[in-house]
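These notes are about the structure you will find just below.
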Amino acid sequence: MLIPVEVEPAEGFIARAQVALADSKTHVYVDTSLLMWLAAVGPSSRAVFIDWASTLNGRIHVPAWSVHEFYRHHQRKTQVNEIAEKCSAVEKALKDLKSLMRVYADGPLVPDKPEMSFVGDLEAAAANVESAMRIAQGWNYEAAAFEVIKWMNTHALAATRAFDAFASLKQRGGARYGHEVPPGFEDGHKVTNRFGDLIFWEDVIADASTRAAATVVVLTRDRKEDWFSSGLEREPSEDLRRLRGRWNPVPVPHPMLTLEMRTTANAALILLDELYMGGVMWLADKNRFGRLAAVTFGMDLARLEAATRPPPGIAERAAKRDAVDTLGLLEANRIIKAARADEDRAAVLKTIADLQGQAPEVEATIDSFTAESISAMDPADLTVLAKRLYDNAHLGPSAAATLARRLLDGIDKVNSLHASAIVGGMLVAAYFEEGVARATPVGQLLQELLEWRVDKGVDRTIGAVSRELKRVRSPALYRPSASTDWIDVRIDASESVTTTPVAVGQIYVGPQGVLTDPPIQPELALSKMLGGAKKATVSELVSVIGRHHGIPLSILRVVDAEGDEERTILSSTGVDRFEPLRQPKRVEDEPLPENAPMANADAQPVAEVTIDVDPGGGVAPVETVSAAEAPRAARPPTAKHPGGETDEVPDEDDDLVDNDDLTDGEDLE
Numbered sequence: 001m002l003i004p005v006e007v008e009p010a011e012g013f014i015a016r017a018q019v020a021l022a023d024s025k026t027h028v029y030v031d032t033s034l035l036m037w038l039a040a041v042g043p044s045s046r047a048v049f050i051d052w053a054s055t056l057n058g059r060i061h062v063p064a065w066s067v068h069e070f071y072r073h074h075q076r077k078t079q080v081n082e083i084a085e086k087c088s089a090v091e092k093a094l095k096d097l098k099s100l101m102r103v104y105a106d107g108p109l110v111p112d113k114p115e116m117s118f119v120g121d122l123e124a125a126a127a128n129v130e131s132a133m134r135i136a137q138g139w140n141y142e143a144a145a146f147e148v149i150k151w152m153n154t155h156a157l158a159a160t161r162a163f164d165a166f167a168s169l170k171q172r173g174g175a176r177y178g179h180e181v182p183p184g185f186e187d188g189h190k191v192t193n194r195f196g197d198l199i200f201w202e203d204v205i206a207d208a209s210t211r212a213a214a215t216v217v218v219l220t221r222d223r224k225e226d227w228f229s230s231g232l233e234r235e236p237s238e239d240l241r242r243l244r245g246r247w248n249p250v251p252v253p254h255p256m257l258t259l260e261m262r263t264t265a266n267a268a269l270i271l272l273d274e275l276y277m278g279g280v281m282w283l284a285d286k287n288r289f290g291r292l293a294a295v296t297f298g299m300d301l302a303r304l305e306a307a308t309r310p311p312p313g314i315a316e317r318a319a320k321r322d323a324v325d326t327l328g329l330l331e332a333n334r335i336i337k338a339a340r341a342d343e344d345r346a347a348v349l350k351t352i353a354d355l356q357g358q359a360p361e362v363e364a365t366i367d368s369f370t371a372e373s374i375s376a377m378d379p380a381d382l383t384v385l386a387k388r389l390y391d392n393a394h395l396g397p398s399a400a401a402t403l404a405r406r407l408l409d410g411i412d413k414v415n416s417l418h419a420s421a422i423v424g425g426m427l428v429a430a431y432f433e434e435g436v437a438r439a440t441p442v443g444q445l446l447q448e449l450l451e452w453r454v455d456k457g458v459d460r461t462i463g464a465v466s467r468e469l470k471r472v473r474s475p476a477l478y479r480p481s482a483s484t485d486w487i488d489v490r491i492d493a494s495e496s497v498t499t500t501p502v503a504v505g506q507i508y509v510g511p512q513g514v515l516t517d518p519p520i521q522p523e524l525a526l527s528k529m530l531g532g533a534k535k536a537t538v539s540e541l542v543s544v545i546g547r548h549h550g551i552p553l554s555i556l557r558v559v560d561a562e563g564d565e566e567r568t569i570l571s572s573t574g575v576d577r578f579e580p581l582r583q584p585k586r587v588e589d590e591p592l593p594e595n596a597p598m599a600n601a602d603a604q605p606v607a608e609v610t611i612d613v614d615p616g617g618g619v620a621p622v623e624t625v626s627a628a629e630a631p632r633a634a635r636p637p638t639a640k641h642p643g644g645e646t647d648e649v650p651d652e653d654d655d656l657v658d659n660d661d662l663t664d665g666e667d668l669e
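Numbering (UniProt numbering), first residue to last: 1 to 669.
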């Protein structure tokens with residue numbers, strides 16, 4: 001047995017409880033106090049609890065004694081009577097106050113008002129209170145109790161030790177309570193139900209043992225010391241204080257309960273009251289479970305709506321940049337050159353080293369990157385740091401990936417120079433590997449990075465990257481651009497194979513076909529890129545092609561198909577790979593049709609589309625249009641490799657920025 005000498009932070013406890021609840025070996029038990037509270041909350045909040053409980057997949061249980069005690073309270077209408085008693089007490093207090101103050105109000109109690117005006121004010125206040133009491137007494141208890149009982153009956157344990165335990169209960173309970181062994185020793189003075197907590201506890205231990213539970217979670221509102229350990233408290237985090245100003249201490253079980261659960265059922269024990277249960281719900285999904293969590297926080301509906309309102313999208317945030325805060329071509333050019341050079345810089349090396357230290361130091365390093373500290377950085381340092389962080393983030397979750405995302409998320413909080421340093425450094429990392437242009441850009445953050453291309457503070461840096469890619473004859477199908485014009489996608493059926501649904505023969509992104517038969521490399525097989533799926537929806541196909549080629553999903557528009565239509569994926573179908581000497585045909589190389597619509601002019605842009613390597617995973621729909629709404633792209637000549645060579649020859653004198661693009665007063669070094 002261990003006596004706690006320090007208390008876990010509230011946010012840490014909530015996170016740990018959430019992880020435990022997600023574990024299939026965790027079982028949850030509900031006591032009577034929580035059931036009574038569940039009857040008291042409104043129907044919307046009660047529905048949220050039932051929804052949340054359903055996510056536990058049959059691992060939440062109501063012991064027999066909880067059912068028994070709820071039934072006793074239900075028969076006696078305990079909650080209805082409690083409201084009536086409180087209202088009666090308030091009514092009597094109001095009556096006594098009015099009677100008393102009639103004498104005192106004979107004088108001028110309220111300055112500058114007639115005598116006895118106070119009595120009128122008191123009568124008006126009393127009328128409001130009496131109206132509120134009538135509403136309280138009109139609470140529909142029967143409907144609330146019916147919902148709780150219906151749910152409780154569905155989750156009640158089928159077995160109980162209570163009947164076998166009655167014979168020795170007084171002796172066992174007396175021995176425990178005489179030594180203040182929990183639970184329930186503070187109920188020792190009661191005449192009836194003195195050992196109710198003990199009966200509940202013994203059923204929980206027995207059931208947890210039978211199920212071989214790794215962790216037991218008890219949902220209870222009982223915060224007495226015969227359940228909980230009292231002692232040290234820690235101030236909750238700022239994020240938690242924004243939800244609720246004052247938090248109860250973290251619910252630490254009494255040490256003897258923890259010991260008994262471990263030695264008897266070989267399980268860990270977590271106690272959750274309604275407040276911390278609300279914290280778990282909020283952390284899990286504040287939009288889905290926030291209604292009930294708000295009740296536990298004491299948060300009104302206005303604050304709940306504000307807290308769960310979706311954050312503004314990147315396009316909306318990017319559009320708010322001050323029109324004066326722009327970057328010159330010369331500065332954009334320097335950023336790209338710094339990223340391409342990728343020289344070791346002391347500040348960058350120190351940050352990278354700090355990110356490889358112990359957890360507290362890593363967290364402190366990440367937290368030190370605020371809008372103010374980023375704005376104070378040397379732009380070249382920031383450019384190289386952004387590039388190296390993006391490179392490391394491509395390898396998977398890490399401290400570098402966390403900091404890369406932090407930099408990316410703060411682009412609209414810094415000026416155009418530092419925003420461009422972040423974007424420029426990351427784009428170079430995405431499109432170049434050890435100085436050589438990649439065939440396709442890489443990076444888990446690429447889609448988010450490209451969404452910032454509409455920020456007027458970074459558009460010239462975007463252009464500088466695009467020109468550099470053109471100069472080195474990058475074979476990338478899409479070069480970064482601030483343009484929001486649609487790129488039409490067409491999926492043609494195979495002409496050589498008959499399947500149901502129809503098989504994919506070719507996918508055109510603008511004028512360029514992107515599939516080949518057979519795959520050039522095993523990892524470029526379309527089926528493998530879709531997680532081994534033999535069928536895929538149009539949305540899934542567009543998502544995987546868009547991500548592979550680094551094209552913003554928000555500007556891809558499907559022609560002649562609906563996003564949920566399915567297509568068969570042939571094992572012989574692969575995604576083509578372009579080369580410097582076999583350039584793809586790009587949309588920007590084609591003249592736009594007259595009056596061509598902008599991507600945001602006639603439809604909502606495609607939301608973030610995710611592809612799940614599990615063929616059963618869900619995929620968000622891609623914006624689709626009919627043939628009548630968008631012109632069908634001209635079909636390129638049929639060929640095994642549809643991409644054609646270009647006559648463009650790189651000019652050795654080409655630089656990152658074309659002289660014709662320079663504005664007055666700007667010059668290249």
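Note that CB positions come from ideal geometry on N, CA and C, so glycine has one too.
For residue i, three-class secondary structure by DSSP
i           : result
Thr296      : helix
Asp664      : Its pLDDT being 35, under 50, Asp664 is placed unreliably by the model, and the measurement read from it follows with that caveat. In the structure shown, Asp664 sits in coil (DSSP, three-state: anything other than H, G, I, E or B).
Tyr29       : strand
Gly215      : Going by the sequence as given, residue 215 is Thr instead of Gly. It is a strand residue.
Leu395      : coil
Ala437      : strand
residue 744 : This structure leaves residue 744 out entirely; the chain is present only between 1 and 669.
Met418      : Sequence check: residue 418 is His here, not Met. Helix.
Gly574      : strand
Ala105      : coil
His73       : helix
Gln444      : coil
Ala10       : helix
His68       : helix
Asp602      : Residue confidence for Asp602 is low, a pLDDT of 38 falling below 50, so the modelled location carries little weight and cannot support an answer.
His61       : strand
Leu2        : coil
Pro43       : helix
Arg321      : coil
Leu97       : helix
Residue i - partner residues in DSSP beta bridges
i      : result
Arg557 : Asp488
Arg567 : Ala536
Val252 : According to DSSP, which records beta bridges pairwise, Val252 is partnered with nothing at all.
Glu579 : Arg582
Leu526 : Answer is none; Leu526 lacks a bridge partner.
Phe432 : Ala437
Gly513 : Tyr508
Ala493 : Val504
Endpoints, the alpha helix (DSSP H) within which residue i is located
i      : result
Ile366 : 359 to 367
Ile352 : 346 to 354
Val509 : Looking at the DSSP string, Val509 is not in any alpha helix (DSSP H); the run it does join, the beta strand (DSSP E), is 504 to 509.
Ile270 : First-last for Ile270: 268 to 272, but that is the beta strand (DSSP E), not the alpha helix (DSSP H).
Ile314 : 314 to 318
Ser229 : From DSSP, Ser229 is part of no alpha helix (DSSP H); its letter is neither H nor E.
Glu468 : 459 to 471
Lys337 : 329 to 341
Ser375 : 371 to 375
Leu240 : 238 to 243
Same chain, Cβ closer than 6 angstroms to residue i, neighbours up to 5 away in sequence not counted
i      : result
Ser425 : In the sequence as displayed, the identity of residue 425 is Gly instead of Ser. Contacts found: Ala339, Thr383, Ala386, Lys387.
Arg547 : none
Asp187 : Arg194
Glu648 : Summary for Glu648: the model assigns pLDDT 38, below 50, so the residue's position carries little reliability; its value from the coordinates is reported in the next sentence. Within the same chain, Glu648 has no close Cβ partners at all.
Thr610 : Low confidence applies to Thr610: its pLDDT is 39, below 50, so where it sits in the model is not reliable, and the reading given next is rough at best. Same-chain partners within the cutoff: there are none.
Gly501 : Before going further, note that residue 501 is Pro rather than Gly in the sequence given. Answer for Pro501: Glu566, Arg567, Thr568, listed in chain order.
Beta-carbon contacts of residue i that lie in its chain and below 7 angstroms, excluding the five residues immediately before and after
i      : result
Arg102 : Val119
Ala40  : Gln79
Ala419 : Ile411, Asp455, Gly457, Val458
Arg406 : Ile366, Phe369
Neighbourhood of residue i by C-beta, 8 angstroms cutoff - its chain only, sequence neighbours within 5 removed
i     : result
Glu91 : Glu130, Met133
Arg59 : Ser24, Thr26, His27, Val28
Proximity test, residue i beta-carbon vs the ligand PLP heavy atom, cut-off 7 angstroms
i      : result
Asp517 : The ligand PLP is not part of this structure, which contains no ligands at all.
Problem set entry | 4-residue-minimum alpha helix (DSSP H) runs that sit fully inside the region 113 to 196, ordered along the chain | If we require 4 residues or more, the alpha helix (DSSP H) runs fully inside the region 113 to 196 come out as 117 to 137, 141 to 155, 162 to 178.
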